[in-house]
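In my numbering, the protein residues as written are 784 to 1122.
Don't be surprised by glycine CBs; every beta carbon is placed ideally from N, CA and C.
Note that the structure is predicted; figures quoted are calculated from it, not measured.
Written out below as structure tokens is the structure these notes cover.
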Amino acid sequence: MITIKDVAELAGVSKATVSRALNNSGYVSPETKKKIDEIIEKYHYLPSASAVNLSKQETTTIGVVVPEIGNLFYADIVQGITRKADELNLSLVLFDTGNNMEREEKAIRVLQQQRVKGIILGPSIDYAESKRGKKLLKQLTDMHLPIVIIDRDFEQMPWDAVIYENYQSSYRAAQELYRAGNRTAAMIAGDMNLKIGRDRLDGFRKGAQDCGLELKEEDIFYGNFSMEDSYQLAKKLLTRKELPDALYTCNNATTLGFLKAAKEVKRKAGVDIALIGNDRIDIVDILGMNISWIYRDTYNMGYTAMQLLQERFEHPDKPRSLCMIPYQVELNGSEKKKK
784 MITIKDVAEL AGVSKATVSR ALNNSGYVSP ETKKKIDEII EKYHYLPSAS
834 AVNLSKQETT TIGVVVPEIG NLFYADIVQG ITRKADELNL SLVLFDTGNN
884 MEREEKAIRV LQQQRVKGII LGPSIDYAES KRGKKLLKQL TDMHLPIVII
934 DRDFEQMPWD AVIYENYQSS YRAAQELYRA GNRTAAMIAG DMNLKIGRDR
984 LDGFRKGAQD CGLELKEEDI FYGNFSMEDS YQLAKKLLTR KELPDALYTC
1034 NNATTLGFLK AAKEVKRKAG VDIALIGNDR IDIVDILGMN ISWIYRDTYN
1084 MGYTAMQLLQ ERFEHPDKPR SLCMIPYQVE LNGSEKKKK
């Protein structure tokens, strides 16, 4: 990555001259200005004055990359990050990649050019499981920056991480459905290309097996964690002549997709089919829908991620930290069907 020093050496001028040319302040001859501009364009140099405290030569900006800021899960995480960053007098640069790897790669490149102090990253995929992801892993590694990963654990990398009990929470969901009197169940599962998707399915399947809750393969609906996809899958389930006793939705978007489909086909959670959703949705509770949840404190995930990053700044050689956010259970009635 080219620096202002490199630009100055290539142009045969001082860093101060390059700075004047960049900021259009002070005199720089037209010939020198043209030469500097050509070097900047050739080597894709991006000034980082906004990210640098010039008096201390110390960056105070943190890069935050999330896959879907419109998802309340990530919105709450960003709120937690922001609160802790405010306490530490750090500023944030936020990128929403829209679950798009190309935008994710671009976000990382921009953060590298802006010379941020550290990065909090919510990956859209498990990087180690794709060629493109492995390339991005190398790019991140070559930056030599403190990085905290949210909601994933790249075990092969030295980065700190804040994760959730995906397997255990899903196991508990099956147990609670059985305890509520249900004997057959279905699940709207997430993306099996992601470890989080596999863990939630495996946990629910094992929990059902251990307690005697019947979960047939045809009652597992494989989706991609999105509301629209889950809506279509839920419609297939809910328009069957006979329904299983209960349903487990594996994240907040799948729960919303189910609720949309249920309203459309005039079915109701806790009446026609029991329901437990993973990841609580506050607005659903406010509307008085009495949905039962297995959930985590997402605000605390973000707050903890920023805390881990600050600890890494202060102790760069400390052992890798893996912080597990525990799940919580909130039974509001939908876990059992009303007779």
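- Secondary structure note for Val1112: its beta strand (DSSP E) is the uninterrupted segment 1111 to 1113.
- Asp1055 and Gln896 have their alpha carbons spaced roughly 55 Å apart.
- Contact between Ile785 and Ile845 does not hold, since the beta-carbon distance rounds to 23 Å and is not under 8 Å.
- Met1084 is classed as buried because its beta carbon has at least 16 other beta carbons within 10 Å across all chains shown.
- Closest in C-alpha terms to Cys1106, from the list Glu1113, Asn1115, Leu1070, Phe937, comes Phe937.
- Ala1052 is bridged by DSSP to Ile1056.
- Here the alpha carbon of Leu1016 sits roughly 6 Å from the alpha carbon of Phe1004.
- For secondary structure counted as the beta strand (DSSP E) over 3 or more consecutive residues, the segment 976 to 1052 holds these complete runs in sequence order: 1003 to 1005, 1029 to 1032.
- If the five residues before and after Gly1040 are omitted, its C-beta is found closer than 6 Å to the C-beta atoms of Met1010, Ser1013, Tyr1014, Ala1017, all from its own chain and listed in chain order.
- For Gly846, the uninterrupted beta strand (DSSP E) segment begins and ends at 844 to 849.
- Residue pairing of Thr967 in beta bridges, as defined by DSSP: Glu997.
- Residue burial is scored here from C-beta neighbours: Thr1022 has fewer than 16 other C-beta atoms within 10 angstroms and is therefore classed as exposed.
- Contact between Gly995 and Tyr1031 is absent: CB atoms are separated by about 16 Å, not below the 8 Å threshold.
- The residue from Asn1073, Tyr1082, Lys1024, Leu984 with its alpha-carbon nearest to that of Leu1042 is Asn1073.
- A straight-line Cα-Cα distance of about 44 Å links Val848 and Glu1025.
- Under the criterion of beta carbons closer than 8 Å, Ala799 and Ile819 do not qualify as touching, at roughly 12 Å.
- A distance of 8 Å or more separates the beta carbons of Arg886 and Pro906.
- Rounded to whole angstroms, the gap between the alpha carbons of Lys921 and Arg915 is 10 Å.
- In the three-state reduction of the DSSP assignment, Asn1083 falls in the helix class, which pools H, G and I.
- The residues Met884, Glu887, Glu888, Ile891, Tyr910, in chain order, have a CB closer than 8 Å to that of Leu919 in the same chain once the five nearest residues on each side in sequence are set aside.
- Rounded to whole angstroms, the gap between the alpha carbons of Gln958 and Leu873 is 43 Å.
- Taking a C-beta distance under 8 Å as the contact criterion, Asp943 and Arg1063 do not qualify as a contact pair.
- Taking 8 Å as the cut-off, the beta carbon of Gly1071 is found no closer than this to the beta carbon of Cys1033.
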